[in-house]
Amino acid sequence: MNFNKSKKIIILFLLCISLFSILLFKNVNLNNNIKVVNTSEDKTKKEVYLTFDDGPIPVITDEILDVLKENNIKATFFVVGKEIEGREEILKRICKEGHGIGLHTYTHDLKKIYSNNDNFINEMIETQNKVKEITGYNSNIIRFPGGSAGRLNENMLESLHNQKFKVYDWNVDLKDGMYPNLSPRKLLENAKKCRKDCTRVIILAHTNSNNQNTIIALKPIIDYYKNLGYEFKTISKNTREYYYKI
1 MNFNKSKKII ILFLLCISLF SILLFKNVNL NNNIKVVNTS EDKTKKEVYL TFDDGPIPVI
61 TDEILDVLKE NNIKATFFVV GKEIEGREEI LKRICKEGHG IGLHTYTHDL KKIYSNNDNF
121 INEMIETQNK VKEITGYNSN IIRFPGGSAG RLNENMLESL HNQKFKVYDW NVDLKDGMYP
181 NLSPRKLLEN AKKCRKDCTR VIILAHTNSN NQNTIIALKP IIDYYKNLGY EFKTISKNTR
241 EYYYKI
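Those letters in the sequence shown? Residues 1 to 246, per UniProt numbering, in order.
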């Protein structure tokens, strides 16, 4: 009886050792599969593009340029061809201070530019020529007034690419175009609302004569994205396109 009892104890002991060995082996394998994360290296590059539509408008554009200069930030201005006339010095300043220049049609007349593809493309070419004449810079980056949603299709995109144009929409909207009298605080709140791919933020703002509050909100917006570790960049010929799904 004692022999049987001793035998059972030995068997139980051996089982415990076997179980412990199996668990130890699994634990070693798990530890071998753990990848060490280097916390000193930022694995995600965060970029933000400040963009301003509808200018160049006197006073507003200059004051926005002043804020950008004070904060050592570069932005991108999508200009309307007809607004350049008589305001060439503002456009020259935009270029001289290292900001990007994009094309936003010549008339910004939605009924006209969206009546057919040729009208749209011709207005972009006209604005492109105007910008080049004044600054020497041949811009090929464009933005649809009101955005490309419901307006851009495969045929249109092909035609634009044939002209070497690249399309840029946005994923953050200050809503200062439709609601220019929004408070600076509300504009800042809107600047924080990103939709889709928030490691690459493209902010839509405006430089119309009634966008005084946009000027006030600009520095807090800059500070917000700086504190989150974003790098401010301009849209250029080498910037990957961003347009809404066709």
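Here a beta-carbon is modelled for each residue, glycine too, at the ideal position from N, C-alpha and C. Please read all numbers here as calculations on a predicted model, not as lab measurements.
- Message: Quick test of the definition: if touching needs 3 or more C-beta pairs under 8 Å, does the region 46 to 58 touch the region 228 to 238?
- Response: Counting Cβ pairs under 8 Å, three or more are found: they touch.
- Message: Can you list, in chain order, the residues of its chain with a C-beta nearer than 8 Å to that of Gly-102? Leave out the 5 residues immediately preceding and following it.
- Response: Thr-51, Thr-76, Phe-77, Phe-78, Val-79, Ser-139, Ile-141, Ile-142, Arg-143, Tyr-168 and Ile-235
- Query: Any contact of the region 193 to 209 with the region 53 to 61, i.e. 3+ C-beta pairs under 8 Å?
  - Reply: yes
- Would Gln-128 be called buried (16 or more neighbouring beta carbons within 10 Å of its own) or exposed? Gln-128 should be labelled buried.
- Message: I'd like to check one pair, Tyr-106 with Gly-86: are the Cβ atoms closer than 7 Å?
- Response: no
- Span of the alpha helix (DSSP H), counted from its first residue to its last, around Gly-81: 81 to 84
- With a threshold of 16 other CB atoms inside 10 Å of the CB of Ser-148, please say whether the residue is buried or exposed. buried
- Drop a sphere of 10 angstroms on the beta-carbon of Tyr-243, count the other beta-carbons inside from all chains shown, and report buried for 16 or more, exposed for fewer. The residue is buried, with at least 16 neighbouring Cβ atoms inside 10 Å.
- Query: Thinking just about the alpha-carbon of each residue, which of Ile-134, Leu-160 and Asn-153 is nearest to the one in Met-124?
  - Reply: Of the candidates Ile-134, Leu-160 and Asn-153, Leu-160 places its Cα closest to the Cα of Met-124.
- Item | Local Cβ density within 10 Å of Phe-120, reported as buried at 16 or more and exposed below that | buried
- Item | Classification of Leu-68 by the beta-carbon crowding that lies within 10 angstroms, buried from 16 upward | Counting Cβ neighbours within 10 Å, Leu-68 comes out buried, since at least 16 surround it.
- Message: List, from N- to C-terminal side, the beta strand (DSSP E) runs of 3 residues or more that fit wholly inside the region 94 to 129.
- Response: 100 to 103
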